[in-house]
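In the UniProt record's numbering, the protein residues as written are 1 to 289. Just so you know, even glycine gets a beta-carbon here, dropped at the ideal spot from N, CA and C. Below: the structure, in structure tokens.
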């Protein structure tokens, strides 16, 4: 039977409770139950003044907004705020009432620039949540799986500068080069010389790098090294410019990783991680690649 809903109730006053509008099986409820985000407040306390400035937006809310953005795959902070405005589950998670104003989309960017940019707060929050997961017995780190992926940078590849620089190395490569030079000196050979190479720098985003692999088109990008356990938990990650290959990126990433996670015994990698310097460093530290 065809019906016509003539009862226009959109302008009626209704008594509702935000708690009742969020389904009990919603993912956001499960996250809220599993993780107490109040630890963030203590971790960022030193980044705020006790006596100066206006009262800030709750830092727990700021980081929960970012959590929503990445958890639900929202592309921009502007769109994230728009989604929060109309999504009752997001408002409930942030403890923002139905009629309360949602923070402006630029709020997090301003706070990041003024407070968080030069801190390790994101890494500390990641490590804290990972620690809670490990204490619950959900992570098995005897064996980890490592791979990288490339993320295209928001940069015009035609707006670049090229110049020659001496090749810089991270502390792990520097230590290995010192070992090699000591051996070469004992054998009466010349030390390894620093090489010059062409460096391409984006005028738009100087931190990215020119990525080119096989038949793929050259593009400015970032390389993300990621480690996970056998259950799929991401246990570590590190971002490099896109021109850094897996051997060099993996050397720095895994060097730092095994310092923080000495319990790791086996490291599973693909053929992109077969460089002698990387394998030497892992074996030297008692890890089986």
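Please state the DSSP three-state secondary structure of residue i.
i	result
residue 72	coil
residue 280	helix
residue 161	strand
residue 223	strand
residue 290	Any question about residue 290 goes unanswered here, given that the chain covers just 1 to 289.
residue 151	strand
residue 264	coil
residue 241	strand
residue 126	helix
residue 17	coil
residue 202	strand
residue 269	coil
residue 93	helix
residue 249	helix
residue 274	coil
residue 197	strand
residue 37	coil
residue 209	strand
Measure how close the beta-carbons of residue i and residue j come, nearest whole angstrom, since I'm counting them as under 8 Å.
i	j	result
residue 238	residue 253	4 Å
residue 94	residue 64	5 Å
residue 263	residue 288	In fact, because the Cβ distance is near 13 Å, the residues do not count as touching under 8 Å.
residue 22	residue 92	5 Å
residue 242	residue 208	6 Å
residue 219	residue 157	6 Å
residue 144	residue 228	7 Å
residue 295	residue 136	Absent from the structure is residue 295, since the part of the chain shown begins at 1 and ends at 289.
residue 81	residue 103	7 Å
Classify residue i as buried or exposed, calling it buried when 16 or more other Cβ atoms lie within 10 Å of its own Cβ.
i	result
residue 15	exposed
residue 222	buried
residue 79	exposed
residue 51	exposed
residue 267	buried
residue 212	exposed
residue 122	exposed
residue 240	buried
residue 27	exposed
residue 236	buried
residue 161	exposed
residue 141	buried
residue 17	exposed
residue 174	exposed
residue 89	buried
residue 146	buried
residue 86	exposed
residue 111	buried
residue 68	buried
residue 283	exposed
Rounded to the nearest angstrom, what separates residue i and residue j at their Cα positions?
i	j	result
residue 201	residue 106	28 Å
residue 255	residue 281	8 Å
residue 233	residue 139	7 Å
residue 54	residue 40	20 Å
residue 149	residue 224	5 Å
residue 66	residue 108	8 Å
residue 70	residue 153	17 Å
residue 206	residue 20	48 Å
residue 365	residue 257	The requested residue 365 does not occur in the structure, where the chain is confined to residues 1 to 289.
residue 46	residue 113	16 Å
residue 30	residue 24	9 Å
residue 176	residue 210	26 Å
residue 119	residue 128	15 Å
residue 62	residue 226	25 Å
residue 12	residue 84	23 Å
residue 193	residue 214	29 Å
At the 9 Å Cβ level, is residue i part of the contact set with chain D, yes or no?
i	result
residue 211	Judged by its chain identifiers, the structure shown contains no chain D, having just a single protein chain.
Next on the checklist: Would the region 238-248 count as touching the region 268-280 if we require 3 or more Cβ pairs under 8 Å?
Outcome noted: They touch, by the three-pair rule.
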